[in-house]
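Asker: Going by full-length UniProt numbering, the residue at position 76 of the sequence shown is 76; the numbering climbs one at a time, nothing skipped.
The beta-carbon is built from N, C-alpha and C at its ideal position, and this holds for glycine as well.
It should be emphasised that the depicted structure is a prediction, and the values quoted were computed from it without experimental measurement.
For reference, the structure I am asking about is given below.
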Amino acid sequence: MKAPVIFANEVATGLFGHLVGAIAGGAVYRKSTFLLDSLGEQILPEWLTIEEHPHLLKGLASTPFDSEGVRTERRDIVKDGVLTQWLLTNYSARKLGMKSTGHAGASHNWRINGRGLSFAKMLKEMGTGLVVTELMGQGVSGVTGDYSRGASGFWVENGEIQYPVSEITIAGNLKEMWRNIVTIGDDIETRSNIQCGSVLLPEMKIAGQ
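Right, dumping it as structure tokens:
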């Protein structure tokens with residue numbers, strides 16, 4: 001079956017964690033990413049921006065320099081839905097004929113800026129569908145963007161949580177999932193270097209109980 005899906009905030013951060021890998025310079029110069037030709041192209045909705053704040057006070061991934069000594073900078077990774085940056089080390093930058101962006105070791109304090117609906121309003125907007133609170137397995141391809149993972153959470157009808165579900169599988173393609181994000185909630189997860197609220201997707205394949 002197909003149905004709308006809300007990724008609760010603690011698992012929604014992982015959706016954008018896959019973006020970190022997809023735009024890493026190593027994957028780009030090896031041509032092993034499904035976003036290979038996407039620099040300067042729209043990969044997210046126009047209302048969505050991803051900011052990187054490496055100098056954020058008490059941020060979990062704050063650092064003045066990356067692990068190669070390159071100074072980090074505040075950047076827009078995605079601006080109005082358009083991918084503006086690869087995440088480059090010295091080596092990957094040389095391979096691509098570009099300059100390091102200070103990303104040797106990791107990304108730095110991403111903020112996913114969206115529409116900021118409350119979780120209750122997101123449930124109402126979804127109507128009937130699945131809330132995912134836990135993900136299992138590693139069924140994500142960095143080459144094709146195909147996404148298939150075990151999940152558990154809650155089934156929702158008429159905007160209200162009805163009962164828990166487990167031992168199910170959800171599937172889609174990250175490129176389509178990102179482009180079709182309906183909204184992002186105001187329930188920001190702050191215990192991660194990727195700060196993001198819950199994410200509502202219009203449709204995913206769901207199999208299992």
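Which residues in the same chain have their Cβ closer than 6 Å to the Cβ of residue 108, if we skip the five residues on either side of it in sequence?
Answerer: Indexing the sequence shown from 1 puts residue 108 at position 108. If we look at residue 108 and ignore the five residues flanking it on each side, its Cβ neighbours are 52, 54, 61 and 72.
Asker: Just checking my contact of residue 143 with residue 96 at CB under 8 Å: how many whole Å lie between their CB atoms?
Answerer: Walking along the sequence shown from the start, residue 143 turns up at place 143. Walking along the sequence shown from the start, residue 96 turns up at place 96. Not confirmed; about 18 Å, so no contact.
Asker: Which first and last residues belong to the alpha helix (DSSP H) in which residue 90 is found?
Answerer: Taking the first residue of the sequence shown as position 1, residue 90 is located at position 90. Run containing residue 90: 90 to 96, per the alpha helix (DSSP H) assignment.
Asker: For residue 116, which residues of its own chain have a beta-carbon under 8 Å away from its beta-carbon, when the five flanking residues on both sides are left out?
Answerer: In the sequence shown, the residue the question calls residue 116 occupies position 116. Same-chain partners within the cutoff: 184, 185, 186 and 197.
Asker: Between residue 148 and residue 182, what straight-line distance do the alpha-carbon atoms span, to the nearest angstrom?
Answerer: Here residue 148 refers to the residue found at position 148 of the sequence shown. Here residue 182 refers to the residue found at position 182 of the sequence shown. C-alpha separation (whole angstroms): 20 Å.
Asker: Using DSSP with H/G/I as helix, E/B as strand and the rest coil, what is residue 106?
Answerer: Here residue 106 refers to the residue found at position 106 of the sequence shown. Coil.
Asker: Since residue 123 and residue 81 should fall inside the 8 Å C-beta cutoff, what is the C-beta to C-beta distance between them, to a whole number of angstroms?
Answerer: By 1-based counting over the sequence shown, the position of residue 123 is 123. By 1-based counting over the sequence shown, the position of residue 81 is 81. Their Cβ separation, rounded to whole angstroms, is 25 Å, which puts residue 123 and residue 81 out of contact at 8 Å.
Asker: Is it the case that the region 149 to 157 contacts the region 119 to 138, given that we only count it when at least three CB pairs across the two stretches are under 8 Å?
Answerer: These segments touch.
Asker: State the DSSP-derived secondary structure class of residue 122, mapped to helix, strand or coil.
Answerer: In the sequence shown, the residue the question calls residue 122 occupies position 122. Three-state result, residue 122: helix.
Asker: Whole angstroms is fine: what's the gap from residue 194's alpha carbon to residue 155's?
Answerer: Translated into positions along the sequence shown, residue 194 becomes position 194. Translated into positions along the sequence shown, residue 155 becomes position 155. Straight-line Cα distance between these residues: approximately 26 Å.
Asker: For residue 210, is the classification buried or exposed, using 16 other Cβ atoms within 10 angstroms of its Cβ as the cut-off for buried?
Answerer: The structure shown does not extend to residue 210, since the chain is modelled only from 1 to 209, so the question has no answer here.
Asker: Return the CA-CA distance between residue 5 and residue 205, expressed in angstroms with no decimal places.
Answerer: Along the sequence shown, one-based indexing puts residue 5 at 5. Along the sequence shown, one-based indexing puts residue 205 at 205. Distance between the alpha carbons of residue 5 and residue 205: 9 Å.
Asker: Can you list, in chain order, the residues of its chain with a C-beta nearer than 6 Å to that of residue 217? Leave out the 5 residues immediately preceding and following it.
Answerer: The structure shown does not extend to residue 217, since the chain is modelled only from 1 through 209, so no value can be given for it.
Asker: Mapping the DSSP letters down to three states, classify residue 61 as helix, strand or coil.
Answerer: As a first step, residue 61 must be located in the sequence shown, where it is residue number 61. Three-state result, residue 61: coil.
Asker: Going by C-alpha distance, which of 20, 125 and 44 is nearest residue 33?
Answerer: If you number the sequence shown from 1, residue 33 lands on position 33. Considering only alpha carbons, the answer is 20.
Asker: State the start and end residues of the unbroken alpha helix (DSSP H) segment that holds residue 165.
Answerer: Taking the first residue of the sequence shown as position 1, residue 165 is located at position 165. From DSSP, residue 165 is part of no alpha helix (DSSP H) but of the beta strand (DSSP E) over 160 to 173.
Asker: What residue does the beta strand (DSSP E) around residue 153 start on, and which one ends it?
Answerer: In the sequence shown, the residue the question calls residue 153 occupies position 153. 146 to 157 is the span of the beta strand (DSSP E), which, as asked, contains residue 153.
Asker: Can the beta-carbon of residue 104 be found closer than 8 Å to that of residue 113?
Answerer: For the purposes of this step, residue 104 is taken as residue 104 along the sequence shown, with counting starting at 1. For the purposes of this step, residue 113 is taken as residue 113 along the sequence shown, with counting starting at 1. For residue 104 and residue 113, no; Cβs fall outside 8 Å.
Asker: Note down, in chain order, each residue of its chain lying with its Cβ closer than 6 Å to the Cβ of residue 111, except the 5 sequence neighbours on either side.
Answerer: The sequence position of residue 111 within the sequence shown is 111, counting from 1. The answer, listed in chain order, is 51 and 195.
Asker: Would you grab the beta carbon distance between residue 100 and residue 106 for me? Rounded to a whole angstrom, and I think it's under 8 Å.
Answerer: Here the question's residue 100 lines up with position 100 in the sequence shown. Here the question's residue 106 lines up with position 106 in the sequence shown. So it is not a contact: roughly 14 Å between Cβ atoms.
Asker: May I ask which residues mark the beginning and end of the alpha helix (DSSP H) holding residue 15?
Answerer: Walking along the sequence shown from the start, residue 15 turns up at place 15. Looking at the DSSP string, the run of the alpha helix (DSSP H) that includes residue 15 is 9 to 22.
Asker: Name the two residues that bound the continuous alpha helix (DSSP H) containing residue 26.
Answerer: Looking up residue 26 in the sequence shown gives position 26. Where residue 26 is concerned, the enclosing alpha helix (DSSP H) stretches over 25 to 29.
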